[in-house]
Amino acid sequence: MIDGQLLYVYAVTRPFTAALPSDVRALDGEPPALIEHRGLCAAVSRVPAAHFDAEPLRAHLEDLDWLAGVARNHQAVVSALATVSCPVPLRLATVCRDEDGVRRLLDSGSARFESAIERLDGRVEWGVKVYADSTVPERVEPAPEVTAATGREYLRRRLGQRQTRDRSWQRAGALSRALHADLCERAEAGRLHPPQSGRLSGASGENVLNAAYLVPRDHSDEFVAAVRDRTPQGEGVRVELTGPWAPYSFVGGPDGSPDSGPDVGQDVGPGRGRSEQEGS
Amino acid sequence: MATPARFPDAYQPDGGGANLADILERVLDKGIVIAGDIRINLLDIELLTIKLRLIVASIDKAKEMGIDWWEDDPALSSGARRRELSRENDELKARIAALEAASRTAESAPEIAAAEARPRKRGGSPRAKGSEGSTPGEGGDR
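From first to last, the protein sequence lines are chains F and X. One point on numbering: in the working numbering, the residue at position 198 of the first sequence is 198, and numbering is uninterrupted. One point on numbering: in the working numbering, the residue at position 121 of the second sequence is 401, and numbering is uninterrupted.
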């Protein structure tokens with residue numbers, strides 16, 4: 001350890017020669033440093049032990065603002081690496097004492113890194129979310145009390161409003177199923193994440209589908225176009241596309257155990273060949 | 281290896297940076313977990329992940345639908361609807377009990393209420409939010 005400094009490891013890649021984007025800065029305000037070891041390369045930066053040693057780190061992890069800053073930086077470095085290589089992202093706050101520690105980490109995870117790189121090289125991740133904008137119908141319809149002549153009429157309108165909202169939800173659900181099935185065909189793998197809260201994402205509406213797809217980088221344009229084509233206009237349903245991400249969602253589970261690899265569930269076919277056809 | 285970027289343009293809904301939920305969901309919950317020299321108790325990470333998941337995932341929805349509905353239900357929103365229907369059924373059962381208590385002599389009331397307790401076939405059952413108190417269609421139709 002150098003003067004109270006530790007090494008934060010962002011991701012592991014194959015050694016590469018291309019230059020990283022010039023504006024990328026790691027947690028220390030410098031471009032990430034690269035440590036090569038036995039055919040692998042770790043992207044690292046110095047971080048103060050005062051913040052990243054076990055005790056202070058544990059305390060910091062409770063602090064959402066601190067966590068958000070580190071997470072954004074982690075993502076920025078991984079994203080920069082993804083422009084020139086195939087980074088296997090490490091979980092946030094993976095920290096070593098020194099370069100020897102990083103080499104030990106590369107040795108101990110060698111098999112997992114190799115297999116992940118093998119699987120993911122040349123792929124990127126696209127995020128697709130579907131929202132039900134359940135508030136819209138309420139706004140466009142006149143308030144029941146304005147025109148309702150009788151209590152029965154009032155109740156009928158109330159029911160109508162709820163059914164409209166319900167239809168928006170149903171449309172979002174139906175679109176999600178169709179879209180997910182279609183995109184799984186086009187992608188090498190698909191994964192469903194928990195829907196997000198608007199509280200943190202700032203998005204309006206109710207998040208119904210939150211999925212990630214593994215797509216060959218060269219096929220990204222077609223994938224993006226397919227998402228666009230299948231995005232309906234209006235109808236209280238919204239589709240949101242994010243990416244390209246480094247293939248975070250497909251690197252495997254906590255222990256690299258077989259069951260936590262790319263999640264190929266019943267409805268998440270590996271769908272190797274991209275289907276060119278449109279429609280269902 | 282490593283041909284320099286020919287990346288498609290990045291898409292972010294607001295044209296700016298990725299939203300924090302998207303980032304945390306990936307950086308904290310995905311990615312390879314491997315022990316560095318600084319050992320954070322894996323349990324701490326797990327607890328943190330659970331906590332963050334509660335923030336990242338909709339808390340209201342999590343309560344309403346059960347936090348794992350998207351995992352155990354590939355049909356997505358059908359799980360949500362099932363839970364809504366299940367709760368509606370509970371409410372209706374409570375109404376049945378009340379009706380039975382109120383009018384033990386009239387046999388027809390529970391039957392009507394029991395028929396109401398199957399909104400699945402009717403489609404468009406109202407979402408449960410704020411639905412207690414008034415159940416349009418019932419009472420007004422007789």
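Note that the Cβ used here is the ideal one computed from N, Cα and C, for glycine as well. What you are looking at is a predicted structure, and each value in this text was computed from that prediction instead of being measured.
Compile a chain-ordered list of the residues in the segment 86-99 of chain F whose CB is closer than 7 Å to at least one CB of chain X.
Val-88, Pro-89, Leu-90, Arg-91, Leu-92, Ala-93, Thr-94, Val-95, Cys-96, Arg-97
Is the beta carbon of Arg-123/F less than 9 Å from the beta carbon of Pro-21/F?
no
Taking 9 Å as the CB-CB limit, is Asp-53/F close to chain X?
yes
I want to see whether chain F comes within less than 9 Å of Arg-319/X, judged by CB atoms only; does it?
yes
Proximal residues of chain X, C-beta to C-beta of Ala-116/F below 8 Å
Ile-312
Separation of Leu-175/F from Leu-183/F, as counted between CA atoms
12 Å
Skipping 5 residues on each side, what residues in its chain have a beta carbon closer than 8 Å to that of Ala-93/F?
Tyr-8, Phe-52, Leu-57, Leu-61, Val-70
Below 9 Å between beta carbons: does that hold for Ala-59/F and Ser-45/F?
no
Please list, in chain order, all residues of the same chain as Ala-19/F whose beta carbon is under 8 Å from its beta carbon, the five residues on each side excluded.
Val-84
Pick helix, strand or coil for Ser-45/F, following the three-state DSSP scheme.
strand
Could you pull the DSSP bridge partners for Pro-216/F from this structure?
Arg-123/F
Using beta carbons (cut-off 9 Å, strictly below), is Glu-305/X in contact with chain F?
yes
DSSP three-state label for Gly-101/F, please.
helix
Excluding sequence positions up to five away, which residues of its chain have a Cβ less than 8 Å from the Cβ of Ser-249/F?
Glu-125, Arg-191, His-193, Ala-212, Leu-214
Quick check on Gly-322/F: buried or exposed, where buried means 16 or more other Cβ atoms within 10 Å of its Cβ?
Outside the displayed span of chain F (1 to 280) sits residue 322/F, for which this structure offers no information.
Are there 16 or more other CB atoms within 10 angstroms of the CB of Arg-384/X, so buried, or fewer, so exposed?
exposed
What number of angstroms, rounded off, separates the C-alpha of Cys-96/F from the C-alpha of Glu-240/F?
37 Å
Rounded to a whole number of angstroms, what is the C-alpha to C-alpha distance between Gly-127/F and Gly-252/F?
17 Å
Beta strand (DSSP E) containing Gly-190/F: first to last residue?
189-192
Pair every Cβ in the segment 104-115 of chain F with every Cβ in the segment 30-39 of chain F, then say whether three or more of these pairs are closer than 8 Å.
yes
Among residues of its own chain, excluding the 5 on either side of Leu-120/F, which ones have a beta-carbon nearer than 8 Å to its beta-carbon?
Cys-86, Val-88, Leu-214, Pro-247, Phe-250, Val-251
Which chain X residues are close to Ser-249/F, counting only those with a beta carbon under 8 Å from its beta carbon?
Arg-306, Lys-310
Contacts around Val-237/F, its chain only, beta-carbon distance under 8 Å, and the 5 residues preceding and following it disregarded
Val-130, Tyr-131, Ala-132, Asp-133, Ser-168, Arg-171, Ala-172, Leu-175
Going by the beta-carbon positions, is the gap between Ala-226/F and Arg-177/F smaller than 9 Å?
no
Short Cβ contact (9 Å threshold) for Arg-72/F with Leu-300/X:
yes
Using DSSP bridges, identify the partner residues of Lys-310/X.
Answer by DSSP bridge pairing: none, since Lys-310/X is not bridged.
Using beta-carbon positions only, say whether Ile-314/X and Arg-91/F come within less than 9 Å of one another.
yes
Could you check where the beta strand (DSSP E) with Arg-91/F kicks off and where it finishes?
88-96
By DSSP, does Pro-15/F sit in helix, in strand, or in coil?
coil
CB of Gln-163/F to nearest heavy atom of the ligand GTP: below 8 Å?
Here there are no bound small molecules, and the ligand GTP is not part of this structure.
Compute the beta-carbon to beta-carbon distance between Pro-31/F and Val-24/F, rounded to the nearest angstrom, for a pair I have assumed lies under 8 Å.
6 Å
For Leu-6/F, the nearest candidate out of Glu-206/F, Asn-207/F, Gly-101/F (CA to CA):
Gly-101/F
Mind checking Glu-206/F: buried by the 16 CB within 10 Å criterion, or exposed?
buried
What do you get for Ser-257/F, buried or exposed, if any count of 16 or more other CB atoms within 10 angstroms of its CB means buried?
Low local confidence applies: a pLDDT of 39 at Ser-257/F is under 50, so the model's placement there is unreliable, with the coordinate-based value given in what follows. The residue in question, Ser-257/F, is exposed, as its Cβ has fewer than 16 Cβ neighbours within 10 Å.
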